[in-house]
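Asker: Under the numbering used here, the first residue of the sequence shown carries the number 2, and numbering increases by one thereafter.
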Amino acid sequence: MVVLANRLKPLKPSPTLAVSQKARELRAQGKDIIDLGVGEPDFDTPLHIKQAAIDAITQGETKYTPVDGILPLKKAIQQKFLEDNQLQYDLDQILVSNGAKHSLFNALYASVNPGDEVIIPAPYWVSYVDMVLLCEGVPKIIECVEKNRFKMTASQLKESITSKTKWVILNSPSNPTGEVYSKEEWMSLLEVLRQNPHVLLLSDEIYEKLLFDDSAPLSPAALAPDLKERIVTINGVSKSFAMTGWRIGYCAGPKILINAMKDVQSHMTSNPCSISQHAALKALTGPKDFMKDWVKAYIERRDFMVEAINKINGLKCLASQGAFYLYVNCEGIIGETLKNDQDVSSYFLENGVACVPGSAFGLSPYIRLSYATSMDNLKIAVERLKTACGSL
C-alpha cells in the first residue's frame, strides 16, 4: 500500500489547467467549446525562434548544459535586464529554469522554513498558495477588493507583516486581473518593505511585455536599488514570445539565494532543455517587431470584451491594463440556481464557454476570462454568455 507524504494533503490540482483539460475532453466528445480559461497566447511561436531550435538540434546541442543555463543565454538575460529594466546583475546572480513557475518554486523551496509566512494578495495566480504549502510555509492571503482595482495597498501590506513574514509575492501585470501597479503604488509598497528588513519580495514579471494604455514596465528592484538584495525578479519567454510549451523561465536576485536555488535545481531537474535554451536565446536577441502587433490585437480584443461583457445583465468588469485576462464580477447572476462562481463557471461550460471561477484565485464572486483567442471566437463566446445569462 502506498502512503503519500503529508505535505501533499493540502495540495490541489491547478484549476486553470483543469478547466482547459475539461474543455479539451468535451471537444473530443464532439461538443463545441470555446476555451476562455486558457492562460497562453494563441499566437504561434515566431518562425525565427523555431528555426533556432531546429538549428540547435542539427548542430548537436542536445546534451546536458550547465545547471543554471548556457552562457550565451545568461548573457542575453543579463543584457535584457539592463536594457528593459535598468537592472544590473552579475552572471552568477542569474538562473535559467524550466519556466517561470520553476523559478518561483526554486526561490521558495530554497528559503522558506516550516512556519514562515508568505504574503499573497488575492486574487492571486493559482500556484502561489500551493507552492508555499509544499515548502511547509504559511500562505497569508490579503483580500484586494475591486474598488482598489484588486491591488494591495501599502496599509494592507503593513498590517499583514509579522515577525514570521519571509516573502511578499507580487505579480504585475496580474494574473488573473490584468491590473498593473503604478510607480506611486510600487513606491508606497517598497517603503513598507524598507521598514521591515526581514521581508523579501518575489516580483513576478512574466507579463511584462503585455502592457496597454501607455503603462510602463516597472521592476521594483530598479525603483528601490537599496532593496535590490532582498528582491528576486522572475520572468520568462512563455507569454511575451508565445513559448509556453518550451518551458524556459529565468530570474535574478541576491547571489546567496540564486546559488541555493541552483543547488535545488541541480537535484530536481539538472538543466533546462538545451534546445529550448537556444530558442530562448534567439527570442531575446532576435527581432521583436511582432510584439507590437500582438499587443495591438490584445487591446482590440480587450476593448471588445469589456464593452460586450458590461452589456450582459448580471456581469460587469474593469478594463484590464495588461496580460490578456478580464476578472468578471458575476454576483448579478448568483442566486438560487447558481449559488457561487464555481456554479457559474460550470453553467457557462455547459453553454459552450470555458472559464475559471474566481474561487480558484482566492476572490469570489468572479470568473476569469482569457481573451487570448481570435476575435471570431470571442464574438461567439459573448453571444453564448449573453444567452446563458438571459436564460436564468
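Just so it is clear, CB atoms sit at the ideal spot from N, CA and C, and this is done for glycine as well.
#1: Check whether the Cβ atoms of residue 226 and residue 191 sit closer than 8 Å, and answer yes or no.
#2: Determine, using beta carbons only, whether residue 242 and residue 50 come nearer to each other than 8 Å.
#3: Return the chain-ordered list of same chain residues with a C-beta closer than 7 Å to the C-beta of residue 89, the five sequence neighbours on each side being excluded.
#4: For residue 212, name the three-state secondary structure that DSSP assigns.
#5: From this set, 180, 337 and 302, which residue's C-alpha is nearest residue 319's C-alpha?
#6: Specify, as a first and last residue, the run of the beta strand (DSSP E) that residue 29 falls within.
#7: Please give me, in chain order, every unbroken run of the beta strand (DSSP E) with length at least 3 that falls completely inside the segment 26-105.
#8: Is it right to say residue 79 is buried, meaning 16 or more other beta carbons lie within 10 angstroms of its own, or is it exposed?
#9: Leaving aside the five residues before and after residue 101 along the sequence, list all residues of the same chain whose C-beta is less than 6 Å from its C-beta, in chain order.
#10: Go ahead and label residue 132 buried or exposed: buried means 16 or more other beta carbons lie within 10 angstroms of its beta carbon, across all protein chains shown.
#11: Can you tell me where the alpha helix (DSSP H) with residue 390 in it begins and where it stops?
#12: Is it a yes or a no for the segment 243-263 touching the segment 21-35, going by three-plus beta-carbon pairs under 8 Å?
#13: Please state if the CB of residue 120 and the CB of residue 355 are separated by a distance shorter than 8 Å.
#14: Report the rounded CA-to-CA distance for residue 117 versus residue 197, giving the unit in angstroms.
#15: For residue 392, is the classification buried or exposed, using 16 other Cβ atoms within 10 angstroms of its Cβ as the cut-off for buried?
#16: Could you give the DSSP three-state label for residue 149: helix, strand or coil?
#17: What does residue 122 pair with, by DSSP beta-bridge criteria?
#18: Go ahead and pull the three-state DSSP assignment for residue 370.
#19: Determine which residues share a DSSP beta bridge with residue 255 and list them.
#20: Considering Cα atoms alone, identify which of 344, 261 and 129 is closest to residue 334.
#21: Using a Cβ-Cβ cutoff of less than 8 Å, which residues in the same chain neighbour residue 201 once the five nearest sequence positions on both sides are dropped?
#22: Three or more beta-carbon pairs under 8 Å between the segment 271-281 and the segment 358-367, yes or no?
#23: Comparing C-alpha positions only, which one of 123, 128, 381 and 91 sits nearest to residue 109?
#24: Name the residue from 390, 328, 210 and 298 whose alpha carbon lies nearest to the alpha carbon of residue 352.
#25: Which class does residue 10 belong to by DSSP, given the choice of helix, strand or coil?
#26: Can you check which of these residues, 106, 125 and 146, is closest to residue 138 by C-alpha distance?
#27: To which residues of the same chain is residue 161 closer than 7 Å at the C-beta, ignoring the five residues directly before and after it?
Answerer: Quick look at the numbers:
#1: no
#2: yes
#3: 83
#4: strand
#5: 180
#6: Premise fails: residue 29 lies in the alpha helix (DSSP H), 16-29, not in any beta strand (DSSP E).
#7: 95-98
#8: buried
#9: 207, 235, 237 and 250
#10: buried
#11: 376-391
#12: no
#13: no
#14: 15 Å
#15: exposed
#16: helix
#17: 143
#18: strand
#19: For residue 255, which the question treats as bridged, DSSP gives no partner whatsoever.
#20: 344
#21: 112, 167, 168, 169, 231, 232 and 233
#22: no
#23: 128
#24: 390
#25: coil
#26: 106
#27: 120, 141 and 143
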